[in-house]
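Read the structure below first, then the notes.
Protein chains: 4
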Amino acid sequence: MNKITLLIHCDDQPNIIASVTNFMALNNGNIVYIDQHVDREQNIFFMRLECEFASNAFSIESFKELFQNALVDKFGFEWRMYSAEKKPKMALFVSKYDHCLYDILGRYNSGELNLEIPFILSNHDDLKSIADSFKIPFYHIPVTKETKKEAELKQLELLKSHNIDFIVLARYMQIVSNLLIDKYPNKIINIHHSFLPAFVGAKPYHSAYKRGVKIIGATSHYITEELDAGPIIEQDVAHVSHSYSIKDLIAKGRDLEKIVLSNAIKLHANRKVMVFDNKTVIFS
Amino acid sequence: MNKITLLIHCDDQPNIIASVTNFMALNNGNIVYIDQHVDREQNIFFMRLECEFASNAFSIESFKELFQNALVDKFGFEWRMYSAEKKPKMALFVSKYDHCLYDILGRYNSGELNLEIPFILSNHDDLKSIADSFKIPFYHIPVTKETKKEAELKQLELLKSHNIDFIVLARYMQIVSNLLIDKYPNKIINIHHSFLPAFVGAKPYHSAYKRGVKIIGATSHYITEELDAGPIIEQDVAHVSHSYSIKDLIAKGRDLEKIVLSNAIKLHANRKVMVFDNKTVIFS
Amino acid sequence: MNKITLLIHCDDQPNIIASVTNFMALNNGNIVYIDQHVDREQNIFFMRLECEFASNAFSIESFKELFQNALVDKFGFEWRMYSAEKKPKMALFVSKYDHCLYDILGRYNSGELNLEIPFILSNHDDLKSIADSFKIPFYHIPVTKETKKEAELKQLELLKSHNIDFIVLARYMQIVSNLLIDKYPNKIINIHHSFLPAFVGAKPYHSAYKRGVKIIGATSHYITEELDAGPIIEQDVAHVSHSYSIKDLIAKGRDLEKIVLSNAIKLHANRKVMVFDNKTVIFS
Amino acid sequence: MNKITLLIHCDDQPNIIASVTNFMALNNGNIVYIDQHVDREQNIFFMRLECEFASNAFSIESFKELFQNALVDKFGFEWRMYSAEKKPKMALFVSKYDHCLYDILGRYNSGELNLEIPFILSNHDDLKSIADSFKIPFYHIPVTKETKKEAELKQLELLKSHNIDFIVLARYMQIVSNLLIDKYPNKIINIHHSFLPAFVGAKPYHSAYKRGVKIIGATSHYITEELDAGPIIEQDVAHVSHSYSIKDLIAKGRDLEKIVLSNAIKLHANRKVMVFDNKTVIFS
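Residue numbers (this note's numbering), protein chains in the order written: chain A, 1 to 284; chain B, 1001 to 1284; chain C, 2001 to 2284; chain D, 3001 to 3284.
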């Protein structure tokens, strides 16, 4: 059985759904999931579809070509098609905090994540023993102001040689430059420890303490050139009170960070996220 | 512009989506919403679809006939089709509590609810002045053990004469008999003041207090013969602590009850709920 | 039975709790509630205490004097003492939105709020009929750019003549000037329709839509000179998705606004809020 | 600096707070935390107090004796007093699931937990490598129907020889008998994967699926003789939909289980939990 996932967006116009579902039927496909969204402000149509095929008669490449010729020009689709069997490859960037790392690797081990982790990379070697205990290769690439560009070139080499599909910054604590962003547009997932757009930048828990907020949050988003301003994938919050010290906020926040980041990873790995106009459409 | 909403369920089988979307396209319809769900345990397919038609060329009745002949027998659909212009008519049953009533009428007034409220009915006359201030007819039908059947027959008459589509028990505090349930299957919405299936029956806040739970809840569900065991439409909870007296739990619970019930009403009125095997499928 | 509520803050120092509880014991008081908080950054001690006295032997005024002489200078207390029997008087300022108004008046009617509402005031007369149906005096004081100062002077007169203790802006939609703020410091409660400090100012739901956030919120805070920057009393949020239009966000937000504002009112009316350094301490 | 934590409950009566705070003052103690609760149904007074002493002049034992003689008989206190320096010792019982284990050990490693873990015990050896990687002794004591009593006697020996203060069943999956419960009353913490009292017993996610609930939950409670009926420490829930398979419910539930259990552990280890009449009082 072949199974494909198709993501489409284009200007909204009549007959898109009927045409696509018809195309699948004509190719003996059985649609097992379909969902769509129309952005009425911008008049953009989004669709996600999963389709099963009884035989292995065609390759994903030839089916892509078929689809391209039949419909893409006609409707002006921007589109991606994935074979469900092929798991995306994810690179994990970490620094010294281990809570997100443990959470991700625990899920990875239990089979909850539909992806592969070819390696973990860090600017420090503090977390190497965790990578070792999960038997995942660990690369230590220190970053200083002077060596930043050089370090990123090394990172790019590693990413390329392992055919990495997307990158997760699991509290990596370094600003990633355009060198990487341009190669991985909407494919670098960060976890920011506040409910964005509140408390952009460094030390959000300190700012939250100072402002006296009654909720704290965490936000997972794609990295763009502007700091903490990329498309938001997932957010969650927790209630806090005046009795929370900054240390308490940080501890409480760790629980948010790890679960919000892991949820964002699952959404991305399952190809449920589309990005348009610096916002995300998240399919269920 | 005509707009229809179509709800279908049937045994899961290939080509349903393509066939239905094709049918709409052939009739010059433009699908503006489609979502589906497959219950893999029971192998049942569910679909909700909204479709717009450029002209007023056909009536909803003739289009229903067209659909019936083209597809229903072939796939064995159970189905409902609604004209989007026709708002459902909702009867409100209340007793002495006013928080749900105020919440519903406030939303109704502000245009948030896509429905009509031909009348409010109560076994007491305490809330008549509220109905008056919102200019909605109020019927007072007292219920005693002896007069229960007679009262329900009067209710049925009122429901029939106003062409009521569904009934909402906004803390009505009376057990509704099969006389009504059989006429309005999966069309009588109740609000129960606990997170079902915990604390079935009377005085759930007292039971919650005694058990020492740290969360309380509210559940909106369709009434069935078995008490508090019907299909769940919506649930929500709030955190509480040892410091809450029963009176505090009741006050906190009121906030849950009114919002959970109003959400369930909106889902039902917007034809987003399907029922199968005593469970609901809720479309977004 | 007399019952008093005492709120204290001062520099943190030894023996405060023992001295105050001892004072109450010596005056034949029985403490039925005590809670304290220490702000370790600023080294400030906060305490809230409720104490019952068997007889009506003393007036609240004479007991205040007793307390002043015994302890206030010694520890340098900033303090307030209330007789529990005396309900605070709250003025309600509204404009055209009715959801917060209905929510507050529904609770007021049911006895949930420990306060009196001498009047409702508005710059429009749209909501007069609601005030009428709840039998609460309604004053219509229009506000234009030119008449703003004059209108506020009229408001002050009304507030004074009714001995108002605190003001609630239930979606009043007007910026309140220092004329009122200075007379009612930390006594004017506003509801802002975002999770502050995100989306300060006008049209926060529009900004939330544009940013593509996955949660929206509401914040109740005391009005200060700086817009939407006063001490936060209560916040809550709800999850939303890409499928929410601005209109949907506004509707969902109404549920947050009314419950967050009503909770803040209850906290203030029950004398559970202390303000220090633009932040609140909220006692349970 | 000595610091003690004192937990008291007794019949409610006048002057308890003043007497205790006075006692601390007379012994040159400075109260840094005080909170109390009165169960008005049962007329029981509860208090938690933290007090600092400038010198190391007395041992905790002699201070306990002092307190016993001064106040305990007079008021009829049930009480516990702890030296803040002494961390409680916690035994971790696990089986094959690793998500709670990783979560607890991650927090333990980061210094978030104020306790010691002398050993991890399991009826299977699957998780030994995790214990090894965190450098915590691991004991494998298999349990079969026939060997259950023998196994529990071995467990008791281990618990005694390590001076264990409380036990955490981190998805241990075995019913613990009275042999252990009697030795550790209100000191064995379990995590049940439902919002109790709904779905008591085995396979709660399967029951939740069958009932079609819209929220799932997790409950941490002390083990008592009756299954899943002990005093509740902490609960939390998450929203789910019809689209969740049983497998999805289980995965979502894991996130609740680990955070609810870790929160309960923190509350217990910080001596913030009191038990009375099969319910808990949780101090902040």
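Even for Gly, the Cβ is constructed at its ideal location relative to N, Cα and C.
(Q) Checking 8 angstroms against the spacing of the C-beta atoms, do LEU3179 (chain D) and LEU3156 (chain D) come in under that value? (A) Counting from one through the fourth sequence, the residue named residue 3179 (chain D) turns up at place 179. Counting from one through the fourth sequence, the residue named residue 3156 (chain D) turns up at place 156. Yes, the pair counts as a contact, with Cβ atoms nearer than the cut-off.
**Q.** Residue from C:SER2083, C:ASP2039, C:VAL2168 and C:MET2047 whose Cα sits closest to the Cα of LYS2258 (chain C)
**A.** Here the question's residue 2258 (chain C) lines up with position 258 in the third sequence. Per the Cα distances, C:VAL2168.
Q. Going by the beta-carbon positions, is the gap between LYS2252 (chain C) and GLN235 (chain A) smaller than 8 angstroms?
A. For this step, residue 2252 (chain C) is matched to residue 252 along the third sequence. For this step, residue 235 (chain A) is matched to residue 235 along the first sequence. No, the pair does not count as a contact, with Cβ atoms beyond the cut-off.
Q: Note down, in chain order, each residue of its chain lying with its Cβ closer than 6 angstroms to the Cβ of ASP165 (chain A), except the 5 sequence neighbours on either side.
A: In the first sequence, the residue the question calls residue 165 (chain A) occupies position 165. Correct list, in chain order: PRO88 and LYS89.
Q: For ASP98 (chain A), return the contacting residues in chain D, with the cut-off set at a CB-CB distance below 8 angstroms.
A: Looking up residue 98 (chain A) in the first sequence gives position 98. GLY3106, ASN3109 and SER3110, listed in chain order.
Q: In angstroms with no decimal places, state the Cα-to-Cα distance between LEU2249 (chain C) and PHE2195 (chain C).
A: Numbered from its first residue, the third sequence carries residue 2249 (chain C) at position 249. Numbered from its first residue, the third sequence carries residue 2195 (chain C) at position 195. Within the model, the alpha-carbon separation for LEU2249 (chain C) versus PHE2195 (chain C) is close to 13 angstroms.
Q. So, ASP3035 (chain D) versus ASP2277 (chain C), is the Cβ gap smaller than 8 angstroms?
A. Taking the fourth sequence and counting its residues from 1, one reaches residue 3035 (chain D) at position 35. Taking the third sequence and counting its residues from 1, one reaches residue 2277 (chain C) at position 277. Cβ distance not < 8 angstroms, so ASP3035 (chain D) and ASP2277 (chain C) don't count as in contact.
Q: For my contact list, SER161 (chain A) and ASN123 (chain A) are in at a C-beta cut-off of 8 angstroms; report their separation, rounded to the angstrom.
A: Sequence index remark: in the first sequence, residue 161 (chain A) carries index 161 (1-based). Sequence index remark: in the first sequence, residue 123 (chain A) carries index 123 (1-based). 19 angstroms between Cβ atoms; not a contact.
Q | Neighbour-count burial assignment, THR2147 (chain C), 16 or more Cβ in a 10 Å radius | A | The count along the third sequence starts at 1 and reaches residue 2147 (chain C) at position 147. So THR2147 (chain C) counts as exposed.
Q | Residues near GLU1078 (chain B) in its chain [Cβ-Cβ closer than 8 angstroms; skip 5 each side] | A | In the second sequence, the residue the question calls residue 1078 (chain B) occupies position 78. Correct list, in chain order: ILE1008, HIS1009 and CYS1010.
Q) Anyone know if the C-beta pair for ALA3208 (chain D) and ILE3216 (chain D) falls short of 8 angstroms? A) Start at 1 with the first residue of the fourth sequence, and residue 3208 (chain D) comes out as number 208. Start at 1 with the first residue of the fourth sequence, and residue 3216 (chain D) comes out as number 216. Contact flag set, yes.
**Q.** Contact list for GLN36 (chain A) against chain B, beta-carbon separation under 9 angstroms
**A.** Taking the first residue of the first sequence as position 1, residue 36 (chain A) is located at position 36. Those are ILE1031, VAL1032, TYR1033, ILE1034 and ASP1035, listed as they occur along chain B.
Q | Completely contained alpha helix (DSSP H) runs for the stretch 3203-3261 of chain D, where each covers 4 or more residues | A | 3204-3211
Q. Thinking C-beta only, is ALA2170 (chain C) closer than 8 angstroms to LEU2261 (chain C)?
A. The residue labelled residue 2261 (chain C) in the question sits at position 261 within the third sequence. The residue labelled residue 2170 (chain C) in the question sits at position 170 within the third sequence. Going by C-beta atoms, LEU2261 (chain C) is nearer than 8 angstroms to ALA2170 (chain C).
(Q) Could you pull the DSSP bridge partners for ALA2091 (chain C) from this structure? (A) Sequence index remark: in the third sequence, residue 2091 (chain C) carries index 91 (1-based). In DSSP, ALA2091 (chain C) forms a bridge with C:PHE2119 and C:ILE2167.
**Q.** chain B within 8 angstroms of THR3280 (chain D), Cβ atoms only
**A.** As a position in the fourth sequence, residue 3280 (chain D) is number 280, starting the count at 1. For THR3280 (chain D), the answer is yes, since a Cβ of chain B falls inside 8 angstroms of its Cβ.
Q. What does SER3133 (chain D) reach in chain A if we use C-beta pairs closer than 7 angstroms?
A. What you label residue 3133 (chain D) is simply residue 133 of the fourth sequence in a count that begins at 1. Near SER3133 (chain D) (Cβ distances below 7 angstroms), the residues of chain A are SER133.
Q: Specify the secondary structure class of ILE2109 (chain C) as computed by DSSP and reduced to three states.
A: As a first step, residue 2109 (chain C) is located in the third sequence; it is residue number 109 there, counting from the start. A small fix is needed here, since residue 2109 (chain C) is Asn in this sequence, not Ile. Three-state result, ASN2109 (chain C): helix.
Q: Determine, using beta carbons only, whether ILE8 (chain A) comes closer than 8 angstroms to chain B.
A: Stepping through the first sequence from its first residue, residue 8 (chain A) is reached at position 8. With 8 angstroms as the cut-off, ILE8 (chain A) does not count as an interface residue toward chain B.
(Q) I'd like the list of long-range same chain contacts for HIS2239 (chain C), defined as Cβ closer than 8 angstroms, with 5 residues on each side in sequence excluded. (A) Counting from 1 along the third sequence, the entry for residue 2239 (chain C) is found at position 239. Answer for HIS2239 (chain C): LYS2214 and ILE2215, listed in chain order.
Q) Beta-carbon separation of LEU1127 (chain B) and PHE1093 (chain B) under 8 angstroms? A) On the second sequence, residue 1127 (chain B) is found 127 positions in, with the first residue counted as 1. On the second sequence, residue 1093 (chain B) is found 93 positions in, with the first residue counted as 1. Result no, Cβ atoms of LEU1127 (chain B) and PHE1093 (chain B) do not sit closer than 8 angstroms.
Q. Quick one: which chain C residues come within Cβ less than 7 angstroms of ALA1251 (chain B)?
A. Indexing the second sequence from 1 puts residue 1251 (chain B) at position 251. The contacting residues are GLU2112.
Q | Anticipated Cβ contact below 8 angstroms, PHE75 (chain A) with GLN13 (chain A), distance rounded | A | Indexing the first sequence from 1 puts residue 75 (chain A) at position 75. Indexing the first sequence from 1 puts residue 13 (chain A) at position 13. Confirmed, about 7 angstroms.
Q) Between THR2021 (chain C) and THR3021 (chain D), is the Cβ-Cβ spacing less than 8 angstroms? A) The residue you call residue 2021 (chain C) lines up with position 21 of the third sequence. The residue you call residue 3021 (chain D) lines up with position 21 of the fourth sequence. Their beta carbons are under 8 angstroms apart, which means THR2021 (chain C) touches THR3021 (chain D) by this criterion.
Q | Alpha-carbon spacing of ALA974 (chain B) relative to LEU2105 (chain C), whole angstroms | A | It is not possible to answer for residue 974 (chain B), since the shown part of chain B is limited to 1001 through 1284.
Q) Which parts of the stretch 3146-3192 of chain D are runs of the beta strand (DSSP E), unbroken and 3 residues or longer, counting only runs that do not cross its ends? A) 3166-3169 and 3188-3192
Q: Taking only the alpha-carbon atoms, compute the straight-line gap between ILE2191 (chain C) and ASP3103 (chain D) and give it to the nearest angstrom.
A: The residue you call residue 2191 (chain C) lines up with position 191 of the third sequence. The residue you call residue 3103 (chain D) lines up with position 103 of the fourth sequence. In a straight line, the C-alpha of ILE2191 (chain C) is about 38 angstroms away from that of ASP3103 (chain D).
Q. Can you find a CB in chain B that lies within less than 8 angstroms of the CB of SER2284 (chain C)?
A. The residue you call residue 2284 (chain C) lines up with position 284 of the third sequence. Under the Cβ criterion of 8 angstroms, SER2284 (chain C) is counted among the residues facing chain B.
Q) Can you name, in chain order, every residue of its own chain whose Cβ lies under 7 angstroms from the Cβ of GLU152 (chain A), other than the five neighbours on each side? A) The residue labelled residue 152 (chain A) in the question sits at position 152 within the first sequence. Excluding positions up to five away in sequence, the list reads SER177, LEU179 and LEU180.
Q. Is ILE2136 (chain C) helix, strand or coil by DSSP?
A. For the purposes of this step, residue 2136 (chain C) is identified with residue 136 of the third sequence, where counting begins at 1. Residue state, collapsed to three classes: coil.
Q: Kindly indicate which three-state DSSP category LYS1003 (chain B) falls into: helix, strand or coil?
A: Working through the second sequence from its first residue, we reach residue 1003 (chain B) at position 3. In this structure, DSSP gives LYS1003 (chain B) an extended state, which the three-state scheme calls strand.
Q) Do you know offhand how far ILE3060 (chain D)'s Cα is from MET3081 (chain D)'s? A) The sequence position of residue 3060 (chain D) within the fourth sequence is 60, counting from 1. The sequence position of residue 3081 (chain D) within the fourth sequence is 81, counting from 1. If I take the Cα positions, the gap works out to 8 angstroms.
Q.
Give me the residue from C:GLY2029, C:LEU2071, C:PHE2045 and C:VAL2032 with the minimum Cα distance to MET2274 (chain C).
A. Within the third sequence, the letter at position 274 stands for residue 2274 (chain C). The option with the nearest alpha carbon to MET2274 (chain C) is C:PHE2045.
Q: Give the DSSP bridge partners of MET3024 (chain D), in chain order.
A: As a first step, residue 3024 (chain D) is located in the fourth sequence; it is residue number 24 there, counting from the start. BP columns for MET3024 (chain D) are empty, so no partner.
Q | Pick from C:ILE2017, C:ILE2031 and C:ASN2028 that is closest to LEU3026 (chain D), judged by C-alpha positions | A | For the purposes of this step, residue 3026 (chain D) is taken as the residue at position 26 of the fourth sequence. The candidate whose alpha carbon is nearest that of LEU3026 (chain D) is C:ILE2017.
Q. Does the Cβ of ALA1264 (chain B) have 16 or more other Cβ atoms within 10 Å, making it buried, or fewer, making it exposed?
A. Taking the second sequence and counting its residues from 1, one reaches residue 1264 (chain B) at position 264. Buried.
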